[in-house]
Every structure is written in structure tokens, then in C-alpha cells.
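Here the numbering used here is used: the first residue of the sequence shown is 2, the next is one more, and so on. Encoded as C-alpha cells, the structure appears first; notes follow it.
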Amino acid sequence: MNEVKKIKQNSVYSLLSISSRLIANVFIFLLIPRFYEPEAFGQFTFAHTLSNTLIILADFGFDILLTIELARNRDDASRIFRQFFTLKGIFSFSSIIVMWAFAFTFDITASSKNLIMIFSFFLFFTTLTNFFYALFKGFEKFEYETNVSLIMNISLLIITIVFIFLKVSIILIAVGFVVSRIIGFTSGLVYSKKVIPGIRYQPLLEGFSNLKGDMLVFGFHLFFSYLFFQLDTILLTLWKGEYYVGIYQSAFKLIMLPLVIPEILINVLLPVLSRMFKENPIKWERTGFYMNKILLMIVIPISIILFIYAKEILNLIYGVKYVEAVPVLQIFAVIIFVRFSLEPFALMLTTSNRQWFRLYTVIAEQS
Numbered sequence: 002m003n004e005v006k007k008i009k010q011n012s013v014y015s016l017l018s019i020s021s022r023l024i025a026n027v028f029i030f031l032l033i034p035r036f037y038e039p040e041a042f043g044q045f046t047f048a049h050t051l052s053n054t055l056i057i058l059a060d061f062g063f064d065i066l067l068t069i070e071l072a073r074n075r076d077d078a079s080r081i082f083r084q085f086f087t088l089k090g091i092f093s094f095s096s097i098i099v100m101w102a103f104a105f106t107f108d109i110t111a112s113s114k115n116l117i118m119i120f121s122f123f124l125f126f127t128t129l130t131n132f133f134y135a136l137f138k139g140f141e142k143f144e145y146e147t148n149v150s151l152i153m154n155i156s157l158l159i160i161t162i163v164f165i166f167l168k169v170s171i172i173l174i175a176v177g178f179v180v181s182r183i184i185g186f187t188s189g190l191v192y193s194k195k196v197i198p199g200i201r202y203q204p205l206l207e208g209f210s211n212l213k214g215d216m217l218v219f220g221f222h223l224f225f226s227y228l229f230f231q232l233d234t235i236l237l238t239l240w241k242g243e244y245y246v247g248i249y250q251s252a253f254k255l256i257m258l259p260l261v262i263p264e265i266l267i268n269v270l271l272p273v274l275s276r277m278f279k280e281n282p283i284k285w286e287r288t289g290f291y292m293n294k295i296l297l298m299i300v301i302p303i304s305i306i307l308f309i310y311a312k313e314i315l316n317l318i319y320g321v322k323y324v325e326a327v328p329v330l331q332i333f334a335v336i337i338f339v340r341f342s343l344e345p346f347a348l349m350l351t352t353s354n355r356q357w358f359r360l361y362t363v364i365a366e367q368s
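Right under this line is the structure:
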């Protein structure tokens, strides 16, 4: 199969994977504020956001680094997988402990504490499932990621929609999220054995001397690059309360729709560009240029529409009770333009082993 055909095929698989997650999450996060008040929605999104923030700590760049290392060294895949799986497990358990400590340290409502405890298990199974995705990408087996993602997100949709229409407690909806992630983890476990026959999960705590620098760079880059999109919700809960979190998150969830577009391209091109940089630098540069051009053509009309018609969009989707989110959505319309513009350059830095420079850029941006 030639390179172009492979990229097109993997793009379709990646589109299906990300779309299944997007459709499930967006649909659910549009339904919840229609059936629950802003305060309950704020409690739910706060706990969900906290878990996603600590998923970043649990991942600590291991997923991206695993994909890159496997794409370059498939003959040594079993050893590489065991190394990173060991660290992934350590960081995942540490993230759960941090999440529990947060619940009992800060002055938050009992409902928020209960939701945090439930979403700590969501964190654990999500981060391990993401690790299987990285394994599949390293071998460019995007069809396996698609299968797992479809199974997991269809389960999430069915469970959660039934719970919402039965008007159950918001706590049970969180339980539905956890159940869907357990299903996804189990499916990923099955497919991992097809990628590496005889795959082993025993801890392996040696051979990291050549990777320590890369792990720190990828980990801190991932943390700082996502911190901007997660920390605000947590701080808003502590400073202003759960009602304002609900208002803020109603706008935030809408911009997650267009942000899936660069995610698809990055998902597909990360292993390809990592290989191209080593084998054909000219082709690597040309592919990055086309990625930049495509993203700019897409984001300009999206940003304009979100900015001009912010009020109409919010009223159509949520109703008038979320009208206070209009200025928030307008600000996000500008942010996604900047995000689309920077993604191609960031990916080129990653795939050309210039992750240190990318890390400095991200830290400066968050400052």
C-alpha cells in the first residue's frame, strides 16, 4: 500500500474513532444541561474536568512517546511496551491518589466529592485505554483503535441516555461513564494481543537511560499544553461556585466540536511524520505545509460563525438559561483560530525531535 493511500485509509479510521467519541460526549453534554440545572451540570463537569486534568498527569507524554518509539523500532516493540506500561501504571495510580486528596482537601459540596470519587475510576480506565490506542498507532493499526472506540462510546451513549431520560441522579450518570471505560479497556486488552502476539504486562524498570530526557519533555509539554483548557474550570469552581462552572462549560463544550479536526490530522500524521523525518525530510516538510493550509481554510469560517452568532447558537442548543455564556463563546471563537494555526508547527517540532523548543513555547504561552 502506498503512502498516500495508507494516510487516507488511516484518516478514515481516525475520523471514525474521534467522531464516535465526539458524538457521544457532545450529545451527552448537550443533553445534561437541558435536563439538569446549571449547578448540577457544574458539579458534573467540574469532576469530569478534574479527572481529565489528572489524566494528563497519568499520561505524562507516554502515549505520544510510545507511538513514536514503536513507529521507529517495531522489532523491539515488546520491550518498549513493557517499559512504558510500567511507568503508565505508576503514574495512573498516583493520579488517582491526587484526585482523592483533592476531594477531601478543598471545601466543596458533598455531591462534588462523590462525583470526584467516581470519576477517579473513569481516570484510571481511560488512561490505560489511551495507552492501547498509542500502541495501535505505533503499528499504524488504526482500525483497532476505531473498533475499541466504537464499542466504548456506543456503550456510553446507550447507558447514559437511558439514565438521563429516566431522570436518575447525576451520580448514576457518572457511573455510566465509568462502566463505558471499563468496556473500552477490556476491548483494548483483547486487540493488544493481536498487535504484539504474546504481549506481556510484567513491570520492566530498566533501559530508560536514553529516554529520560524525552519523557520529561513530552510529559511537561502535555501538562502545560492542556493546563490552559482544564485549570480554568477547577479554579472557577473554587472561586465562583458550581453555577458559573455550568455557564462556562456550556460554551466550552461547543468549541470541542471544531477542535476535533486538528486532532484527527495529528492522530493520523504523528507516526507518519515521525517516520518521514527519518526517511525523507523533504516529504516530511511538504506534508506539514499541506496540513497547515488545510487547517487555516477550515478554521476561518468556523471562528467567524461562532463569534457573530454566539447568542443564537447557545439559545438553540441550551435555551435562554445559558445566555450568560455568550461572551465566553465569543472569546473561544478567537482561541480556536489561534489553536488551529499553531497545531501544524507544534507537530513538526515533535516529529523532528525538537520537543524541547515546543515545551518552551507552550510554557511561555501559558504564562
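Idealized CB from N, CA, C, for every residue including glycine. These figures come from a predicted structure and were not determined experimentally.
My guess is that residue i and residue j are in contact by the Cβ rule of under 8 Å, so how many angstroms apart are they, rounded?
i: Ile184; j: Ser156; result: 5 Å
i: Ser181; j: Thr128; result: With a Cβ gap of about 14 Å, Ser181 and Thr128 do not count as contacting.
i: Thr161; j: Gly177; result: 5 Å
i: Phe132; j: Tyr145; result: That pair is no contact at about 13 Å.
i: Ser275; j: Arg73; result: 7 Å
i: Phe36; j: Lys168; result: 7 Å
i: Ile197; j: Ser79; result: 6 Å
i: Phe63; j: Leu88; result: 6 Å
i: Ala48; j: Ile97; result: Wrong, their Cβ atoms sit about 13 Å apart, outside the cutoff.
i: Val27; j: Leu258; result: 6 Å
i: Met100; j: Leu55; result: 5 Å
Starting from residue i, trace the alpha helix (DSSP H) both ways and give me its first and last residue.
i: Asp64; result: 63-73
i: Lys89; result: 78-106
i: Asn115; result: 111-139
i: Gly177; result: 171-196
i: Asn154; result: 143-166
i: Asn53; result: 39-60
i: Lys312; result: 311-318
i: Leu350; result: 327-352
Here's the rule I'm using: 16 or more other beta-carbon atoms within 10 Å means buried, otherwise exposed. How should residue i be labelled?
i: Ser18; result: buried
i: Phe166; result: exposed
i: Ala175; result: buried
i: Ala102; result: exposed
i: Val269; result: buried
i: Val339; result: exposed
i: Lys254; result: buried
i: Pro34; result: buried
i: Thr68; result: buried
i: Val321; result: exposed
i: Gln250; result: buried
i: Ile159; result: exposed
i: Tyr202; result: exposed
i: Ser52; result: buried
i: Arg83; result: buried
i: Gly214; result: Unreliable placement is indicated for Gly214, whose pLDDT of 49 sits below 50; no coordinate value is reported for it.
i: Ile309; result: exposed
i: Phe125; result: buried
Going by C-alpha distance, which of the options is nearest residue i?
i: Ser112; options: Asn131, Phe45, Gly90, Trp101; result: Phe45
i: Ser95; options: Asp108, Leu116, Phe122, Lys195; result: Phe122
i: Phe143; options: Ile24, Glu280, Leu271; result: Leu271
i: Ile265; options: Ile295, Ile305, Lys254, Tyr245; result: Ile295
i: Ile342; options: Leu173, Asn293, Leu315, Ile318; result: Before going further, note that residue 342 is Ser rather than Ile in the sequence given. It is Asn293 whose Cα lies nearest to the Cα of Ser342.
i: Ile29; options: Ile65, Phe86, Asn154; result: Asn154
i: Asn316; options: Ile299, Ala252, Phe164; result: Ala252
i: Ala41; options: Ile337, Ile248, Ala334; result: Ile248
i: Leu16; options: Pro263, Glu280, Leu31; result: Pro263
i: Thr1; options: Lys114, Tyr192, Ile119, Phe105; result: Here the chain has residues from 2 to 368 only, and residue 1 is not among them.
i: Thr50; options: Pro259, Ile299, Val246; result: Val246
i: Ala326; options: Pro302, Tyr244, Pro345, Ile267; result: Tyr244
i: Phe140; options: Ser21, Phe107, Asn11; result: Asn11
i: Val179; options: Gly199, Ile200, Thr130, Pro204; result: Thr130
Any C-beta of chain B sitting closer than 8 Å to the C-beta of residue i?
i: Phe308; result: Absent from the structure: chain B. Only one protein chain is present.
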